[in-house]
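Here the numbering used here is used: the first residue of the sequence shown is 187, the next is one more, and so on.
To keep things clear, I will list the structure first and then write my remarks on it.
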Amino acid sequence: MSNHSRVIIQRLSLVYQAILQHYSKNQTYLKSACKIAAASYIVYSGIQKIYEAYFGPLSKVPGPFICRFMDMPSLIYDMPVGTLFTNLKKLHDKHGGVVRTGPKSISVADKDMIKQVLVQDDLPKGPAYAVLRRSGETLLSTDCRQTHKKKRKMAAHAFSTKYLNSLQPYMAGVSRSMVDQVQKAIQSSIDEEGYGTVDMWRIITCAALDVIGETAFGETFRMLEDGSHPVPKLVMLRMKISAYVVAYPFFFKIFVKGPSPRIMNFARDIYEKRKNSDTKRGDILQVLVDTQDDPDPENRMPTREVLREILLYLLAGSDTTGNTIGFALIKLLGNPEKLKKLYEEIDSLSFLEGTELFSNEQLKTLPYLNAVIQETLRILPVSGAGLQRITEGNIVLNGELALPKGINVKCNLYHAQLNNKYWPNASKFIPERWIPGEDDYNQVKNFDAFFTFSSGSRNCIGKNFALQEIRLLLANLLKNYDIKPIKKELEDAKDLRQYITLTVAKGSFFAKLNEKEEAGGDVEVSWVDQQRINEFSQYNAKIDDLEDQYEKLKQEKEYLDDVAMELELADEDEAVRYKIGDAFVHVSASEAIEKVEKDSEKLGLALEDVKHQIDAVQEKMEQLKKDLYAKFGNAINLEKE
């Protein structure tokens, strides 16, 4: 320390002592000064609040009067806890696409604003996610772009198409257990018509937990068999607690310090067991563990992070899919004509040879099944509470709302997906709106107002995993059982709660189920039937020809794309060889680029044309399959070997 610095510190010390001595002799004056300071601070804060309320950047945004001065109070708008999402929808119905929810908070339900926040501006996650980060950063909770990018890259292999296909045997095993457990539940409550009363919400929740146990951690939770494993119950309790933490963060941060020790011990046990194992298993846990042996240190995931990601997959991978299947059943039972159409499609399909189960390959192209799933996700998105982001600097939403740094923006997916402006008859369950060619499909002009799996860089990495699981469990269930509604249960199911995910308030949903009789038998083949079978064979041959054409055009397009990349590196006047037919000619790089662009555009149009032809033929084939399987069942096989 320099002599000059010492002198300054000594003088400051003398000044401080003088002030202290003065006020110790004049305590009355000191108390008055403190009161004045406190009053000044209160007045200043009040003026600042009033200014923000009436003259700040959000002053023109409509919303409840109280939200000009404080964040939307949970005691008013979230009572009982878990109903905030419905009250926000009412506010959007009243005020439009943007609602003020606090001095520095808004909720947006305008689809273009949501896309700007999530995709174009890619705003970071808001303070609501800080609650989830108290246990450590995960792929879901981190607000750091670099951390998210790194974690997503590490986990990407676990959600590739090839990898998801390898998980089908595990999902199939759980599907089989689910079908068996439904049969046991029917037998224990069977009535004179042969139907049993079954809590489908519980069974599906257990099935989803067992799927995540098998596919992510390499061990079953045995929830379908006896529900004895303690961890899933702790996770479900934790989700409800989290809803209270978000609603009353200041109160609950005193009590909630981090993840349950029992859950953390579970994660650590399965991690160490796998790490020390001599054999590898094809599941998500193995992908996480294998990152620790990556040659690049940057790609290695520390043990602590692996444990956190294990807990994330346990939470995100079970409740979301299970609830969606439950909601699909509720919507189908409330719309029997839609259930009938889905039964017709599923019953027209045969199980895989030698099994009593479907595969994802069979189900992923079924138009009505996938339309039912999409429509369920639209009307009842599991992320109904919305996605919160925060502005990093000055932005203008949709060219009309200027926001400064530090504004919390909640993307209200629930309202956007139930907005009649985007979805005709938005509150009605209409799967046909997702099927090209249907009248309801042609009426929808805003398919981009669908954000169930989020959008942009933070979209759901497990989307394809979830859709595969939903298809398998739902289709295998309906293939084996007839299901009928219980009127009171349908009424009770209208009462929803948004904890971390959307769920039914009572936590159960009962329905009547009965095992279906096997389709098929001796059916006469008429001349018309034979013509249809022949027509189906002709379509098969046509598809093969069209697919060959498509592949050749695709290879030509890929060749031109490679040429274009090489030409970008060439000098503009450099002579290059360009292939025309079977001959090569020399042209300048600029001329070659122009030719490549034109040829590439032509090939692109040709590819689209062939693809449309393939789609048209496949649509006709699907209709034929549906008709033929409906009549002949398992007695006919129209699947290509």
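The C-beta atom is built at its ideal place from N, Cα and C for all residues, glycine as well.
Of the residues 395, 333, 403, the one placed nearest residue 412, counting alpha carbons only: 395
Cutoff 7 angstroms; reference residue 367; Cβ partners in own chain excluding five residues on either side: 389, 410
Given residue 633 as reference, the closest of 666, 561, 677 once Cα atoms are compared: 561
Spatial distance of residue 294 from residue 596 (CA atoms): 6 angstroms
Supposed contact pair residue 549 and residue 555 - C-beta distance, whole angstroms, cut 8 angstroms: 6 angstroms
Range of the contiguous beta strand (DSSP E) that encloses residue 399: Where residue 399 is concerned, there is no enclosing beta strand (DSSP E), given that its DSSP letter is neither H nor E.
Backbone CA spacing between residue 707 and residue 663 [nearest angstrom]: With a pLDDT of only 43 at residue 707, under the threshold of 50, the placement of this residue in the model should not be trusted; the figure read from the coordinates follows. The straight-line gap from Cα to Cα measures roughly 22 angstroms.
Inter-residue Cα distance where the pair is residue 689 and residue 307: 31 angstroms
Neighbour-count burial assignment, residue 522, 16 or more Cβ in a 10 Å radius: exposed
C-alpha distance - residue 609 paired with residue 405, whole-angstrom precision: 42 angstroms
Residue range of the alpha helix (DSSP H) that includes residue 470: 470-476
Own chain residues within Cβ distance below 8 angstroms of residue 655, not counting five before or after: 357, 394, 397, 507
Cβ-based burial, residue 524 [other Cβ within 10 Å; buried from 16]: buried
Rounded Cβ spacing between residue 796 and residue 736 (contact assumed at less than 8 angstroms): 5 angstroms
Beta-carbon separation (whole angstroms), residue 288 vs residue 257, contact threshold 8 angstroms: 4 angstroms
Residue interval of the beta strand (DSSP E) (run including residue 385): 382-385
Residue-level contact to chain B via CB, residue 359, 8 angstroms cutoff: Structure shown: chain B not included; a single protein chain is present.
Residue 642 - DSSP class collapsed to helix/strand/coil: helix
Cβ pair residue 638, residue 599 closer than 8 angstroms: yes
Bridge partner(s) assigned by DSSP for residue 701: 667
Residues bridged to residue 288 (per DSSP): 291
Residue 351 to residue 540 span [Cα, whole Å]: 19 angstroms
Residue 361 classed as buried or exposed, judged by whether at least 16 other C-beta atoms fall within 10 angstroms: buried
Same chain, Cβ closer than 8 angstroms to residue 339, five either side skipped, listed in chain order: 485
Residue 616 vs residue 625 beta-carbon contact at 8 angstroms: no
The segment 570-583 / the segment 294-304 touching (three or more Cβ pairs under 8 angstroms): yes
Beta-ladder partner(s) of residue 594, from DSSP: 291, 576
CB of residue 647 within 8 angstroms of CB of residue 325, strictly: yes
Buried/exposed call for residue 223, threshold 16 Cβ in 10 Å: exposed
Helix, strand or coil at residue 774 [DSSP, three-state]: strand
Span separating the alpha-carbon of residue 527 from that of residue 342: 36 angstroms
Proximity winner among 589, 643, 692, relative to residue 683 (alpha-carbon distances): 692
Reduced DSSP secondary structure (H/G/I, E/B, other) of residue 865: Outside the shown range of the chain, which is 187 to 827, sits residue 865, and nothing can be said about it.
Nearest neighbour of residue 571, chosen from 250, 661, 274, 377 [CA to CA]: 274
Sub-8 angstroms separation of residue 668 and residue 700 beta-carbons: yes
Cutoff 8 angstroms; reference residue 747; Cβ partners in own chain excluding five residues on either side: 786
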